[in-house]
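Undergrad:
In this note's numbering, the protein residues as written are 58 to 292.
(1) Is residue 265 buried or exposed, if buried means 16 or more other CB atoms sit within 10 Å of its CB?
(2) Under 8 Å between the Cβ atoms of residue 122 and residue 132?
(3) With 16 other CB atoms within 10 Å as the buried threshold, where does residue 183 fall?
(4) Rounded to the nearest angstrom, what separates residue 162 and residue 243 at their Cα positions?
(5) Check whether the Cβ atoms of residue 135 and residue 211 sit closer than 8 Å, and answer yes or no.
(6) Select from 213, 203 and 276 the residue whose C-alpha is nearest the C-alpha of residue 144.
(7) Return helix, strand or coil for residue 259, following the three-state DSSP convention.
(8) Under 7 Å Cβ to Cβ from residue 175, same chain only, skipping five residues before and after it: list those, please.
(9) Helix, strand or coil: how does DSSP classify residue 114 here?
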């Protein structure tokens with residue numbers, strides 16, 4: 058049952074200088090101290106689709122003698138903005154607790170309309186499972202979380218099954234261990250993510266970002282239904 062519910066040496070932070078510069082000094086120092094015992098593997102391509110490379114960053118302890126519980130973090134931004142770099146510090150509490158972390162970017166409205174972001178995040182989950190041995194992920198202890206639009210995507214990543222039709226673009230390398238159609242997660246943490254997509258696309262609470270995400274989509278109501286976590290809730 059799904060329960061709903063950080064450097065390399067400081068020089069290694071240069072790739073993330075812009076987001077860190079906006080953070081309080083004590084948070085930056087905290088991150089630097091924590092990452093002395095961690096490794097960051099940035100910008101791993103987990104999916105190529107529609108001419109776009111979707112990437113993720115792996116943050117893992119240097120000690121890989123045992124598999125680690127793993128958090129998949131998905132940034133927010135209304136499916137139209139945001140970045141994994143801007144959300145880097147969100148994974149610090151998990152790393153402090155001994156987790157590995159996977160910080161995910163995905164196709165947003167400017168690159169591809171709905172449901173591309175859902176497809177990407179589902180593929181990121183399958184990538185984590187396929188590469189668990191290499192990076193020391195414990196596939197029995199995967200947590201998916203995010204904020205706002207990222208939380209909506211965390212819900213769809215963890216709740217949907219192959220039958221929802223969003224996994225067709227995911228690569229499944231031979232011997233990857235991703236033979237199962239419906240990979241399981243241990244928990245989903247929803248930080249103010251929506252559960253009814255139609256409500257922000259053309260419903261009572263229509264928002265510009267929802268309209269932009271669905272621009273050019275045919276059968277909007279049906280796609281919104283399939284993209285809504287509440288569609289998949291069962292007793």
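The beta-carbon is built from N, C-alpha and C at its ideal position, and this holds for glycine as well. Remember, it's a predicted structure, so these values are computed and weren't measured experimentally.
TA: Walking through what the data contain:
(1) By the neighbour-count rule (16 or more Cβ atoms within 10 Å), residue 265 is not buried but exposed.
(2) In this structure, residue 122 sits away from residue 132, with a CB-CB distance that is not shorter than 8 Å.
(3) Here residue 183 is buried. Its C-beta has 16 or more other C-beta atoms within 10 Å.
(4) Between residue 162 and residue 243, the alpha-carbon positions lie close to 21 Å from each other.
(5) Residue 135 places its beta carbon 8 Å or farther from that of residue 211.
(6) With distances taken between Cα atoms, residue 144 lies closest to 203.
(7) DSSP places residue 259 in coil when its eight states are reduced to three.
(8) Cβ neighbours of residue 175 within its own chain (closer than 7 Å, five residues either side excluded): 210, 213, 223 and 284.
(9) When secondary structure is reduced to three states using DSSP, residue 114 falls in the strand class.
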